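Enquirer: Just so it is clear: in the sequence shown, position 94 is 94 by full-length UniProt numbering, and no numbers are missing.
Beta carbons are placed, not taken as given, at the ideal position from N, Cα and C, and that holds for glycine.
All values reported here derive from a predicted model rather than from experimental measurement.
I am attaching a structure below and will ask some questions about it afterwards.
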Amino acid sequence: VCELGIDKLSFDDFSLDVDAMVTAALRMFMELGMVQKFKIDYETLCRWLLTVRKNYRMVLYHNWRHAFNVCQCMFSMLTTAGFQETLTEMEILALIVGCICHDLDHRGTNNAFQAKTGSALSLLYGTSATLEHHHFNHAVMILQSEGHNISSNLSSHEYGELMQLLKQSILATDLTLYFQNRNSFFELVNKGEYNWNVKEHRDMCRSMLMTACDLGAVTKPWEISRKVAELVTSEFFEQGDRERSELKLTPSAIFDRNRKDELPGLQLEWIDGICAP
């Protein structure tokens, strides 16, 4: 772990190919004690990780590399910021699995696009956290597939707890939910009223951790952050192109390649308004 540097927030995931990322993810499970604590069969864990990787589409940004990047950021937070001593082992398992699975089967378009197009996903899940509900259900589907159940040695009560925590973790990556919760969270912290013994406070903290790790690439060194920004922008522009050609709509600025000169200002607004807090 130390040689590879996956315990550092500055870690460069672009240095790894897709197979090396699977190996690094395995190492994170081992280092966190998840394999030992929950008696996870090693072959099952390998198969599960490979299938999760396979179920990420070849889109420009919301792909397997992004999922690994978010998981690595969570691993760093857990091991270097003291959360490993504060959170329960079940919470840690849910966070790590949640990070790896949080964008499963992402199509390279956002929730608003699903609603605008009346996609099958929006009809199935509704317009609230459409993709996040799909990512969670896809994660459960893989876990319940033969030879993929890394939770097979949990009791029924423990399994129910894991599913509840996992669902909460993945749904927390919907920024709409983040905006609903962040003022309450900051108020608790600023007033010194945060209490780890209060379930609602723990839930809120884990949700904030998921959001922070999902957006964590913005904290990387410039060369890494720039590459990520270019990938995100390219994916957004592709959605904007589809909005213009298929829906005959003018995309909003961040999705409109014709307004790319506005991007630096929009990026600063994104960092100052969402990421930095």
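For Trp196, which of helix, strand or coil comes out of DSSP?
Expert: What you label residue 196 is simply residue 196 of the sequence shown in a count that begins at 1. Of the three classes helix, strand and coil, the one that applies to Trp196 here is coil, per DSSP.
Enquirer: Tell me the start and end of each unbroken alpha helix (DSSP H) in the region 19–71 that is at least 4 residues and wholly inside, in chain order.
Expert: Runs of the alpha helix (DSSP H) inside the region 19–71: 34–37, 42–54.
Enquirer: Please list, in chain order, all residues of the same chain as Val232 whose beta carbon is under 6 angstroms from its beta carbon, the five residues on each side excluded.
Expert: For the purposes of this step, residue 232 is taken as the residue at position 232 of the sequence shown. For Val232, where only same-chain residues beyond five positions count, the Cβ hits under 6 angstroms are Tyr61.
Enquirer: Here's the rule: buried if 16 or more other CB atoms are within 10 angstroms of the residue's CB, otherwise exposed. What is Ala172?
Expert: Position 172 of the sequence shown, counting from 1, holds the residue named residue 172. Buried.
Enquirer: Let me know the secondary structure DSSP gives Thr250 once reduced to three states.
Expert: Taking the sequence shown and counting its residues from 1, one reaches residue 250 at position 250. In the structure shown, Thr250 sits in coil (DSSP, three-state: anything other than H, G, I, E or B).
Enquirer: If you scan the region 168–193 from start to end, which runs of the alpha helix (DSSP H) of 4 or more residues do you find wholly inside it?
Expert: Within the region 168–193, the complete alpha helix (DSSP H) runs of at least 4 residues are 175–190.
Enquirer: Considering only the beta carbon of each residue, do Val52 and Ile6 sit closer than 7 angstroms?
Expert: Working through the sequence shown from its first residue, we reach residue 52 at position 52. Working through the sequence shown from its first residue, we reach residue 6 at position 6. No, Cβ-Cβ distance for Val52 and Ile6 is not below 7 angstroms.
Enquirer: Going by C-alpha to C-alpha distance, which of Met141, Thr109, Phe14, Gln164 sits closest to Asn55?
Expert: As a first step, residue 55 is located in the sequence shown; it is residue number 55 there, counting from the start. For Asn55, the nearest C-alpha among the options comes from Met141.
Enquirer: Can you say whether Tyr42 is buried or exposed, counting buried as having 16 or more other CB atoms within 10 angstroms of its CB?
Expert: As a working mapping, residue 42 is identified with position 42 in the sequence shown. Looking at its Cβ environment, which holds fewer than 16 other Cβ atoms inside 10 Å, Tyr42 is exposed.
Enquirer: How many Å lie between Phe179 and Asp17 at the Cα?
Expert: Position 179 of the sequence shown, counting from 1, holds the residue named residue 179. Position 17 of the sequence shown, counting from 1, holds the residue named residue 17. Looking at the two C-alpha atoms, the distance is approximately 34 angstroms.
Enquirer: Residue ranges of each alpha helix (DSSP H) run of no fewer than 4 residues wholly in the region 101–126, ordered along the chain?
Expert: As far as the region 101–126 is concerned, its whole alpha helix (DSSP H) runs of at least 4 residues are 111–117, 120–125.
Enquirer: If you measure between the beta carbons of Asp214 and Val97, is that distance less than 7 angstroms?
Expert: The residue labelled residue 214 in the question sits at position 214 within the sequence shown. The residue labelled residue 97 in the question sits at position 97 within the sequence shown. Not a contact, by the Cβ cut-off of 7 angstroms.
Enquirer: Quick check on the burial criterion: 16 or more other C-beta atoms within 10 angstroms. Buried or exposed for Lys191?
Expert: Indexing the sequence shown from 1 puts residue 191 at position 191. With fewer than 16 other Cβ atoms within 10 Å, it is exposed.
Enquirer: So, using beta-carbon positions, are Asp12 and Ile274 closer together than 7 angstroms?
Expert: Locating residue 12 in the sequence shown gives position 12, counting from the first residue. Locating residue 274 in the sequence shown gives position 274, counting from the first residue. It is not a contact, given that the beta carbons lie outside the stated cut-off.
Enquirer: Are the CB atoms of Asp174 and Glu132 within a distance shorter than 7 angstroms?
Expert: In the sequence shown, residue 132 corresponds to position 132, counting from 1. In the sequence shown, residue 174 corresponds to position 174, counting from 1. Yes, the pair counts as a contact, with Cβ atoms nearer than the cut-off.
Enquirer: If you draw a straight line from the C-alpha of Cys205 to the C-alpha of Phe185, how long is it?
Expert: Position 205 of the sequence shown, counted from the first residue, corresponds to residue 205. Position 185 of the sequence shown, counted from the first residue, corresponds to residue 185. Rounded to whole angstroms, Cys205 to Phe185 spans 8 angstroms at the Cα level.
Enquirer: Would Phe113 be called buried (16 or more neighbouring beta carbons within 10 Å of its own) or exposed?
Expert: Within the sequence shown, numbered from 1, the residue matching residue 113 stands at position 113. It counts as buried.
Enquirer: What do you get for Asn111, buried or exposed, if any count of 16 or more other CB atoms within 10 angstroms of its CB means buried?
Expert: Taking the first residue of the sequence shown as position 1, residue 111 is located at position 111. So Asn111 counts as buried.
Enquirer: May I have the straight-line CA-CA distance separating Thr130 from Asn195, to the nearest angstrom?
Expert: As a position in the sequence shown, residue 130 is number 130, starting the count at 1. As a position in the sequence shown, residue 195 is number 195, starting the count at 1. Roughly 31 angstroms between the two C-alpha positions.
Enquirer: Closer than 7 angstroms by C-beta to residue 296: which residues in its own chain qualify, once you throw out the five before and the five after it? Chain order, please.
Expert: Since the first and last residues shown for the chain are 1 and 277, residue 296 lies out of range.
Enquirer: If you check the beta carbons only, do Phe236 and Ile254 fall under 7 angstroms apart?
Expert: Taking the sequence shown and counting its residues from 1, the one referred to as residue 236 is at position 236. Taking the sequence shown and counting its residues from 1, the one referred to as residue 254 is at position 254. Yes, these two residues count as a Cβ contact at 7 angstroms.
Enquirer: Return helix, strand or coil for residue 341, following the three-state DSSP convention.
Expert: The structure shown does not extend to residue 341, since the chain is modelled only from 1 to 277, so the question has no answer here.
Enquirer: Expressed to the nearest angstrom, what Euclidean distance is found between the alpha-carbon atoms of residue 286 and Asn258?
Expert: The requested residue 286 is not part of the displayed model; the chain covers only 1 to 277.
Enquirer: Could you round the C-beta distance between His134 and Tyr125 to whole angstroms and report it? I think they count as a contact, below 8 angstroms.
Expert: On the sequence shown, position 134 is the one that residue 134 refers to. On the sequence shown, position 125 is the one that residue 125 refers to. 6 angstroms between Cβ atoms; contact.
Enquirer: Does the Cβ of Ser252 have 16 or more other Cβ atoms within 10 Å, making it buried, or fewer, making it exposed?
Expert: By 1-based counting over the sequence shown, the position of residue 252 is 252. Exposed: under 16 other Cβ atoms inside 10 Å.
Enquirer: Is His134 helix, strand or coil when you go by DSSP?
Expert: Walking along the sequence shown from the start, residue 134 turns up at place 134. In the structure shown, His134 sits in a helix (DSSP, three-state: H, G or I).
Enquirer: What is the rounded straight-line gap between the Cα of Lys199 and the Cα of Lys167?
Expert: What you label residue 199 is simply residue 199 of the sequence shown in a count that begins at 1. What you label residue 167 is simply residue 167 of the sequence shown in a count that begins at 1. Those two C-alpha atoms are separated by around 16 angstroms.
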